[in-house]
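Everything on this sheet refers to the single structure shown next.
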Amino acid sequence: MNQISGSIPSYLGNLTTLQSLSFYGNQISGTIPHELGNLVNLTDLIVSSNQISGSIPTSLCNLTRLSDLEVFENQLSGPLPREMANLTSMVNLQLGYNNFSGFLPSDLFKGGQLQWLSMINTHFEGPVPQSLRNCTQLVRIELEENQLTGDISQVFGVYPDLDLIDLSYNRLYGELSANWGACRNLTTLHMSGNMIGGKIPPELGRLPHLASLDVSSNQLFGEIPRELLRLALLELNLSNNQLSGVIPLEIGNLYSMTALDLSMNSFTGAIPKQLGGCTRLRILKLSMNGLNGSLPLEVGNLVNLQEMLDLSHNSLTGVIPQQFGKLVMLENLNLSRNQLSGSIPSSFEGMLSLSSLDLSYNDLVGPLPKDRFFDQKARAEWFQHNKGLCGDLHGLPPCPSSISQHHHPRNARKLILSIVFPTIAVLLLLVTFVVFLFLRRAKPMKEEEREVPVKNLFSILNFDGEAVREQFDGKAIYEEIIDVTENFDEKYCIGTGGYGSVYKARLRTGQVVAVKKLHPSEEVGDERGFQNEIQALTEIRHRNIVKLYGFCSHARCMFLIYEYMERGNMSATLSSQEAAMELDWNRRVNIVKDVAHALSYMHHDCTPPIVHRDISSKNILLDSDFNAYISDFGIARILKPDSSNWSAHAGTLGYMAPEISYTMKVTEKYDVYSFGVVILEVMQGRHPSDLMSSLSSHGQNMLLKDVLDQRISLPTLQVANDVILLAKVALACIRPNPDARPTMKHVSQLFTSNKDQSLLDYFHTIKLHQLMNLQV
């Protein structure tokens, strides 16, 4: 892990007592000298992640004590020497990401000692050596993306210690053996893109730790075994096979599942409503089957769906449920080529994350909803071949004007008023009566339940300086905000979130404030979030935490008044080409430092500590000078020492710590993980989901400079050291084990006193794996 260049010197072959030789992670070129075959005492030879070419010299096969041979990520070519079968002490063999060719020697693994075998994308072809069957100590097998052949039930044996096997995209055939059920430590089983037939063996249900199963793009048939649905699977991909029958109701038992793909099969029957219990799903694909019946309302409960919901190419009937509008994080929705009827639900106007919506080839009628998506992003082909959809979208027929509105507007208005006003009056009387009875009978709350002492309907907490005259009381400010926003007219709206919209309000004094108005709701959770935010922001004061000026808790509306931030949230800034260009590396480093100092204050300087639980780029605001402020404390928790601090899952998908899947206890390490994701997002200029998913594999070998946002120039020497520190801290913060993550106090101190410049000279060649395990 240096910048050594040139070739490996042949005179190293004179070091005959040498036991370990590693050139890993340099810029070595040339070939592997055949003189290294003289190192008869060598046990470890590691030359991975260089630019070495040529073939593996036959002389290396003399090294009978060699147990670890790693040559991955080079430019090696040619076939493996047959004599490699003499290396019977081999425990770790990693050849991946090279340009090898030919067949693997049939007795390559005859030593039987192998524990780690990695040959990813090496261009090998021909049969998998039968000798692999006897390597019963194997922990990891990675053979994906080759042209290997063989009967999968014959060439693989039983491996009690096996943790991961990936055979994807080869030419393997045969049937899945029941023996896989005896590999009790398996967490990952991937065999997609082969020619495997037969049924899915129910014995797979014996694998207590299996988290990811992908057997897509094969020739499997039969039904989904019920036994499989008793596992705690996180990912299940059975797509592009010949599976049939109904989708079992037990699918709802997979509470922890994040991705489910059953598309391109022959499933029939209705979509089980039990799927609505899989609330952590990010991806759901059931397309290209024979599913019928109506769309279950319960699918609307899958509020974490983000990347895709695809139910297209089926025979689904009925209307699209209004509940689908709750999928506010969903980016891609495809309901095309079904037999759906009715209109597009008005609730779709709240699906602010949508980037594609395909409803073509159905029987839908009525106008398109009126919102920014349908006005700006929608394409006509997404709505074509329906019975009667209309709208202003080019390619769709315009909607006919209402006769009653066009010819008799005065009569229509009178009719509406004659119906609506009496109805509202009756409802108000009923509500007043119910509230009166409730207040008469309600018991006094316990002291610990009074999270926010809201004594007045209106409260002004902390307007700064001369901006607001002292004689203004809370009610006056309330009335002024209603007036200057024209009763919260949409033209003043600058953003919409999960439980409220934010408006820009310029007061008569000239001061501009941000007003978050809660969406009308009867849910207790929304009011609790409102109270949490008041409680948190009235108890903390920090220069990098947004200031709460006041709040209104009126029966007609609830809103919070904040300091106004000119540049909005960081997510919007990074997604804008023009705005992102203004964020040079010095500003990006300072933004991360601001957030770190604020979190350190919350975790370590507040008594008791406060955990935000929803640190994301959307909840970090920027002022005109690019200073950063943490906002949105609606789900924050105050860690009381005499409480268990257990809580339901909450947060923004893509920023939540992995332990959320197995514990409900709130700790500061939740925020630390989210902070690490935010750092990577600031560095990349986009959410780092792809980078984070690849860190467990070849992504570790990416150069740091290649990860950085390509829209701006690389950092100068003056700031490059800080960028390296950002990467080190980010990778430490997203460690799976919460105890291995640093505290925010430590991180804040690092950013204040960063003087370590030991890696600065290697900025252009540092790889992520070199930073992952460094002490921070």
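Under the numbering used here, think of the first position of the sequence shown as 336, with each following residue one higher. Don't be surprised by glycine CBs; every beta carbon is placed ideally from N, CA and C. The structure presented is a predicted model; accordingly, all values stated were derived computationally and were not measured.
Proximity to alanine 1075 across Gln658, Tyr990, Lys1004 peaks at Lys1004, based on C-alpha coordinates. For the pair glycine 612 and glycine 635, the CB atoms are not nearer than the 8 Å cut-off.
Note on geometry: alpha-carbon atoms of glycine 660 and leucine 687 lie some 10 Å from one another. For arginine 475, the pairing in a beta bridge is given by DSSP as Trp451, Leu499. Exclusion of the five residues before and after serine 357 leaves Ile381 as the residues of its chain whose Cβ lies within less than 6 Å of its Cβ. DSSP places cysteine 518 in the coil class of the three-state scheme, outside both helix and strand. Tyrosine 590 is classed as exposed because its beta carbon has fewer than 16 other beta carbons within 10 Å across all chains shown. Within the same chain, and ignoring the five residues on either side of tyrosine 504 in sequence, the residues whose Cβ sits closer than 6 Å to its Cβ are Glu479, Glu480, Gly528.
Between serine 650 and glycine 625, the CB-CB gap stays under 8 Å. Assigned with DSSP and collapsed to three states, aspartate 1041 falls in helix. Taking phenylalanine 459 as reference, the option from Pro440, Glu510, Gly447, Val474 with the minimal CA-CA separation is Pro440.
Valine 847 is not a Cβ neighbour of tyrosine 964, given a cutoff of 8 Å.
When the alpha-carbon of proline 1073 is set against those of Pro1050, Leu1039, Ile995, Gly516, the nearest one is in Ile995. Contact annotation: isoleucine 926 and methionine 900 have beta-carbon atoms that are not nearer than 8 Å. Counted as a single uninterrupted DSSP element, the stretch harbouring serine 527 is not any beta strand (DSSP E), since DSSP gives it neither H nor E. A direct Cα-Cα distance of roughly 7 Å separates proline 368 from isoleucine 343. Secondary structure at valine 946: strand, using DSSP grouped into helix, strand and coil. Across the structure, glutamate 898 and threonine 831 are spaced so that their CA atoms are roughly 17 Å apart. Secondary structure within the segment 661-744: the alpha helix (DSSP H) runs of 4 or more consecutive residues, fully enclosed, are 738-742 (chain order).
Bounds of any alpha helix (DSSP H) do not take in tyrosine 1097, whose DSSP letter is neither H nor E. Pairing leucine 483 with tryptophan 515 gives a Cβ-Cβ distance that is not under 8 Å. Between the alpha carbons of glycine 532 and alanine 517 lies a gap of roughly 20 Å. Counting along the chain, the unbroken alpha helix (DSSP H) around glutamine 1053 starts and ends at 1052-1068.
Within the same chain, Cβ atoms closer than 7 Å to the Cβ of leucine 564 are found at Pro583, Glu585, Ile586, Asn588, Leu589, the five residues on either side in sequence being excluded. Measuring C-alpha to C-alpha distances from asparagine 572 to each of Gln658, Val581, Thr593, Ile955 identifies Thr593 as the nearest. Residues of the same chain with a CB within less than 6 Å of the CB of asparagine 600, apart from the 5 flanking positions on each side, are Asn576, Leu578, Asn624 in chain order. Rounded to the nearest angstrom, the gap between the Cα atoms of alanine 513 and alanine 567 is 20 Å. Every unbroken stretch of the beta strand (DSSP E) spanning 3 or more residues and falling wholly within the segment 887-958 is given here in chain order: 893-898, 955-957. CA-CA distance, lysine 712 to glycine 461, rounds to 49 Å. Glycine 885 counts as buried, since at least 16 other C-beta atoms from the protein chains shown sit within 10 angstroms of its C-beta. Per the C-alpha coordinates, the member of Ile476, Met530, Ser394, Asn434 positioned closest to methionine 419 is Ser394. Taking the Cα of leucine 619 as reference, the smallest distance to any Cα among Asn627, Gly653, Ala605, Asn669 is reached at Asn669. Contact check for glycine 431 against serine 453 passes: the beta carbons are separated by less than 8 Å.
Apart from sequence neighbours up to five positions away, the residues of its chain that approach phenylalanine 683 with a beta-carbon distance below 6 Å are Gly660, Pro704, ordered along the chain.
Cβ contact annotation for serine 424 (same chain, cutoff 7 Å, sequence separation greater than five): Thr399, Arg400, Leu401, Ser402, Gly446, Gln448, in chain order. In this structure, the CA atom of isoleucine 816 is about 15 Å from the CA atom of isoleucine 829.
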